[in-house]
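Below: one structure, written as C-alpha cells.
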Amino acid sequence: MKADKDSRRHQVVRTILIRFLRDKDYCPSCEYTDIDYTLLFRTAGANKVEHALLHMLQCRTCRKRIYPGFLKRLTQLDFRLRALSLLRQAELKKLNMVLFYHHIRTVLFKDYPGRLRVGGDIDILISTDNLRRLSPVLLQEGYTKTERVAYKEHQFISPRNRFKIDAHHLIAYPQYGELDRDELCAVRRYTQDLLYTTGTSFGITHMTRERYIFTRFFHYWYNDMLCGLYPLFELCAFCYRYRRRIRWNEVLRLADEYAMRNEFIYVLLIGENMFDIPLPDPIRHGLSFRIRLVASAITADDIIFFPPISRWHHKQYRTVAHGKYLRYLFTKLLLNTRTPPLRLLRFRIIGFVLRGLLLCAVRRLTLKKEGNKQKKFSDHPVQ
Ligand SMILES: [Zn+2]
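With this note's numbering as the guide, the letters of the sequence shown map in order to residues -17 to 365.
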C-alpha cells in the first residue's frame, strides 16, 4: 500500500510541475487535495523549475490550501528570484565592461536576451587561452576565485554582490566518464566552433537563435544526459516562440555536421509529447519512423525527472541513476546513425542491461507481495 501511495505522491508532483509549465493559468488546488508540498518544492528545485511554483503565491485558492511554512518558503523564493534577476543584469553589464577593456572574448552561454534565466550565476564560454588571461584580470578587479573541480568551470565571485560567474572552457563535461572519445572530440570541436563563429568581438557576445537552440540541445544531450525539466521545456518553448524567425536550415545543418539530426528531432519530439508544444513544421517533416518508434518507447517521463546529476552517486539514488543512464545509453545507440549494431555488445552495456532486467524482475515479484519489502523498493529501490 505504501508503495502505491508513494508512487502516487511522485506522480502528482510531476503532473503538477508539467501542467504549471504548460499553462500559466493552471491551478492544482482544484484538482488535488493531497499534494506533498515538500516533495513538490524539492522536485521543482532539482529540475530547475522553481519559478513555476509562484502561481501558488498569487492564487487565492492555493494560498488557502498551503501550510504557513510553505507559504513562507514561496515568499522567500519570489524575493530571491527577483533579486537574482536584478543582480544578474547589473553584473552582466559590469563584467562586459571589464572584459571589453581587457580585450577578452567570451560567449554568453545558456542565456538568450529576453528569456527567463534560472539559476543564480552567469555562465560564459571562453577559450583556454583567454581563460588563462581572465583569471588575473578578474582577481585584479576584486573578484575571488572559488575552489572547483579542476577540469570543470572556473568560478569567480563578484566583489559587489557576491554574484557567481562561471567560466566554462567546454560546452559539456564528461561528468561520470559517460562520453567516449569521439563524443568528447565532438564536444571540443563544437565549443571551438561556437567560440570562433560567435565570440568575434571583445566582451560578452550573444549567440544567434540558431546557435542558441543547437547549443541548448547539445548541452542537454551531453552534459545533462536528458535530465531536468527546465532545459527541455526552454528548448521546445524557444523553438515554438521564434518558429517563424528561426533559419531551420541552419539548425539542421549544425545537427548534420555533428551527426545528431535524429537526436535533435527526438528531443524536440519528447518535448512536444510532454508539454504539448507543437513541433515546428520543418522539424515535423524530418520525422522518421525510427525517431517516432524510439520516442514512443523511451518517453521524456522515463528519463528526465531526477535529483540533480551532482547527487547521482549517492547510495540511495544509485540504482535509479543506473536505470536512467541505461535508458540514456540505449536512446543514444538507437538514434545514432553511425552506431554499428555490434557496439551494443560492449560488456559495460550488457552489464547494465542484465542489471536493469534483473531489477525489473525483482521489483515485479516484490510488488506482488504485501509487506515491508514493498515499502523498501518504492522508497529507495535496492540499496
Ligand atoms: Zn491556484
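All C-beta atoms in this analysis are idealised placements derived from N, C-alpha and C, irrespective of residue type, glycine included.
Name the residue from the options whose alpha carbon lies nearest to the alpha carbon of residue i.
{"i": "D164", "options": "Y240, R309 and N244", "result": "Y240"}
{"i": "W203", "options": "K314, L59 and L77", "result": "K314"}
{"i": "L220", "options": "N244, D238 and L250", "result": "Checking the sequence shown, residue 220 turns out to be Phe, not Leu. Residue L250 is the option with its Cα nearest to F220."}
{"i": "Y19", "options": "M207, F200, K54 and D5", "result": "K54"}
{"i": "K30", "options": "R(-4), L317, G51 and D5", "result": "R(-4)"}
{"i": "N318", "options": "S117, F145, E245 and L269", "result": "E245"}
{"i": "A279", "options": "Q298, F312, A28 and I247", "result": "F312"}
{"i": "R70", "options": "G96, K(-13) and P50", "result": "G96"}
{"i": "T173", "options": "F52, I186, L161 and A154", "result": "A154"}
{"i": "L176", "options": "L339, R42, F257 and L90", "result": "L90"}
{"i": "I104", "options": "H84, V119, L77 and P50", "result": "L77"}
{"i": "I247", "options": "L269, F257, M256 and Y49", "result": "L269"}
{"i": "L107", "options": "H33, T88, G51 and R62", "result": "T88"}
Assign residue i to buried or exposed, taking buried as 16 or more other Cβ atoms, counted over all protein chains shown, within 10 Å of its Cβ.
{"i": "E352", "result": "For E352, the predicted structure reports a pLDDT of 43, less than 50, and the residue's modelled location is therefore unreliable. A value from the coordinates is still provided. So E352 ends up on the exposed side."}
{"i": "L98", "result": "exposed"}
{"i": "F359", "result": "At F359 the pLDDT is 31, less than 50, meaning the model places this residue with poor confidence; the figure from the coordinates comes in the next sentence. Flag for F359 reads buried."}
{"i": "T366", "result": "Past the edges of the chain, shown from -17 to 365, lies residue 366, and the structure says nothing about it."}
{"i": "K92", "result": "buried"}
{"i": "G333", "result": "exposed"}
{"i": "M79", "result": "exposed"}
{"i": "H37", "result": "buried"}
{"i": "A26", "result": "buried"}
{"i": "A28", "result": "buried"}
{"i": "T271", "result": "The sequence given here places Phe at residue 271; Thr does not occur at that position. Exposed is the call here."}
{"i": "D5", "result": "exposed"}
{"i": "N81", "result": "A quick correction: the sequence has Leu, not Asn, at residue 81. It counts as buried."}
{"i": "A343", "result": "exposed"}
{"i": "T43", "result": "exposed"}
{"i": "L339", "result": "exposed"}
{"i": "L208", "result": "buried"}
Excluding sequence positions up to five away, which residues of its chain have a Cβ less than 7 Å from the Cβ of residue i?
{"i": "C115", "result": "Residue identity check: residue 115 is Arg in the sequence provided, not Cys. Here the set comprises I86."}
{"i": "R47", "result": "S11"}
{"i": "L113", "result": "H136, A149 and H151"}
{"i": "R309", "result": "I280, D284 and I285"}
{"i": "T57", "result": "L39"}
{"i": "L347", "result": "none"}
{"i": "D60", "result": "L36 and L39"}
{"i": "S140", "result": "E73, Y125 and I147"}
{"i": "I259", "result": "C218, A219, Y222 and G253"}
Got a sec? Which residues, its chain only, sit under 8 Å from residue i by beta carbon, not counting five neighbours each side?
{"i": "E192", "result": "I228, R229, E232, V233 and L236"}
{"i": "Y94", "result": "H188, M189, R191, Y194 and F220"}
{"i": "L217", "result": "I195, R198, F199, Y202, V249, L250 and G253"}
{"i": "R1", "result": "Y8 and P10"}
{"i": "L211", "result": "L(-1), I0, L3, N29, K30, V31, I286 and F287"}
Counting only the same chain and skipping the five closest in sequence on each side, list residues whose C-beta sits under 6 Å from that of residue i.
{"i": "D361", "result": "With a pLDDT of only 32 at D361, under 50, the local geometry of the prediction cannot be trusted, and no value is derived from it."}
{"i": "L316", "result": "V276"}
{"i": "T128", "result": "Q137"}
{"i": "R243", "result": "A237"}
{"i": "L22", "result": "V(-5)"}
{"i": "G102", "result": "L66"}
{"i": "A168", "result": "Y240"}
{"i": "V364", "result": "Low local confidence applies: a pLDDT of 31 at V364 is under 50, so the model's placement there is unreliable, with the coordinate-based value given in what follows. Closer than 6 Å at the Cβ level, and outside the excluded window around V364, lie T301."}
{"i": "F145", "result": "L69 and E73"}
{"i": "A282", "result": "I252 and M256"}
Length-filtered (4 minimum) alpha helix (DSSP H) runs lying within the region 193 to 261: 211 to 223, 230 to 239 and 243 to 257
Alpha helix (DSSP H) runs contained entirely in the region 50 to 85, provided each spans 4 or more residues: 50 to 83
Cβ pair count under 8 Å reaching 3, the region 173 to 184 against the region 119 to 129: no
Three or more C-beta pairs below 8 Å linking the region 294 to 304 and the region 11 to 31: no
The region 257 to 272 touching the region 205 to 225, judged by at least three CB pairs closer than 8 Å: yes
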